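The numbering of the sequence shown is our numbering, which starts it at 18 and goes up by one.
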Amino acid sequence: MSESVEQTVQTVIDFVAMYGLQVIAAIIILIVGFWFAAYSKRKCHDLLMKSPNVDEMLAGFLATLVKYIVVAVTVLAVLNKFGIETTSLIAVLGAAGLAIGLALQGTLSNVAAGVMILFLRPFKVGQFVDIGGVSGTVKGVSLFTTELATGDNVQILLPNSRVWGSAILNYSAHATRRVDLLMGIAYDDDINKAMAVIEELAKADDRIKQDPAPVLAVGDLADSSVNIIVRVWVNASDYWGVRWSLTKSIKEAFDENGISIPFPQQVVHHVNASADTE
18 MSESVEQTVQ TVIDFVAMYG LQVIAAIIIL IVGFWFAAYS KRKCHDLLMK
68 SPNVDEMLAG FLATLVKYIV VAVTVLAVLN KFGIETTSLI AVLGAAGLAI
118 GLALQGTLSN VAAGVMILFL RPFKVGQFVD IGGVSGTVKG VSLFTTELAT
168 GDNVQILLPN SRVWGSAILN YSAHATRRVD LLMGIAYDDD INKAMAVIEE
218 LAKADDRIKQ DPAPVLAVGD LADSSVNIIV RVWVNASDYW GVRWSLTKSI
268 KEAFDENGIS IPFPQQVVHH VNASADTE
């Protein structure tokens with residue numbers, strides 16, 4: 018028993034004597050490498066954000082990529098400290114990566130789609146988009162998923178392959194948007210008077226642009242109403258505020274001017290076909 022303990026202790030002493038400096042150096046390399054990786058990520062992100070052509074989404078991706086490259090170089094340096102042939106290891110990892118890639122084609126398609134999204138930038142962080150019927154504010158894009166937040170702050174994670182393969186509606190891409198309303202009035206009401214009321218409201222709201230000028234037109238003669246099309250241009254950030262307030266203002270102005278907004282109704286003719294036979 019004592020001989021076994023002595024052999025174990027001697028083995029540990031021999032290992033420390035032979036590899037002690039390498040172990041210490043490897044630990045130092047790991048600590049410095051991981052610190053430098055985090056520092057490089059932060060510094061790269063700050064530098065990229067100073068460029069007007071780089072947005073938050075792309076800067077975050079490139080900074081993370083730099084971090085992983087530094088980590089990979091650190092790990093290879095540590096392995097080299099112990100005399101491990103890194104070229105052979107890289108070849109083995111390459112072959113393993115190919116096998117894993119074939120098994121995870123769906124995952125790799127998300128990575129490829131993520132790269133396309135990050136470099137072609139169909140949307141940016143903070144913009145409101147609709148992707149294949151899913152709407153929300155863009156919070157970020159990683160290599161595998163795109164994160165959205167709904168209006169009530171529910172998180173949505175979409176696979177990048179689905180994002181890249183779907184129609185993307187970006188409601189925040191342009192500085193201005195058009196508000197479209199359809200207001201119905203009764204057939205007995207004065208169309209010109211109703212349009213004049215709406216026009217005055219559009220001129221009175223500073224958020225509504227006068228160039229291009231608001232458009233008012235009779236859209237169609239519906240079953241129960243004459244439908245007036247209202248189209249005004251606003252800043253994208255004012256879209257919902259103008260839409261809601263203009264709808265409310267039109268209703269109140271119609272009430273003040275004796276213009277009614279009819280509800281669906283049907284005219285029924287009753288024919289009394291009673292036949293008295295004697």
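Where a beta carbon is used, it is the ideal one built from N, C-alpha and C, also for glycine.
Note that this is a predicted model, so its numbers are computed, not measured.
Runs of alpha helix (DSSP H) with 4 or more residues, each lying fully within the stretch 132-206, are found at 177-181, listed in chain order. Ranked by how close their Cα comes to the Cα of W181, the residues L82, F145, K58 and G149 have G149 in first place. With a contact defined as Cβ atoms closer than 8 Å, L160 and L75 miss out at about 13 Å. With fewer than 16 other CB atoms across the displayed protein chains lying within 10 angstroms of its CB, I48 is exposed. With distances taken between CA atoms, A89 lies nearest to A54 out of A54, L79 and K67. The stretch 219-233 makes no contact with the stretch 158-178: fewer than 3 CB pairs, one atom from each, lie closer than 8 Å. I245 has its alpha-carbon roughly 41 Å from the corresponding atom of G157.
Check the Cα spacing between L65 and each of G50, W52 and T81: the tightest is with T81. Across the structure, L125 and A184 are spaced so that their CA atoms are roughly 21 Å apart. If you look at V235, you'll find it in the beta strand (DSSP E) that goes V232 to L238. Relative to V247, the option among R195, E269 and W257 whose CA is nearest is R195. According to the DSSP assignment, I246 belongs to the beta strand (DSSP E) that extends over V243 to N252.
Pairing V146 with Y188 gives a Cβ-Cβ distance under 9 Å. Nearest C-alpha to S241 among I202, K67, A192 and K210: I202. The alpha carbon of F78 has as its nearest neighbour, out of T91, D63 and V92, the alpha carbon of D63. Under the three-state reduction of DSSP output, I267 falls in the helix class.
Rounded to the nearest angstrom, the Cβ distance from A253 to T193 is 6 Å, consistent with a contact under 8 Å.
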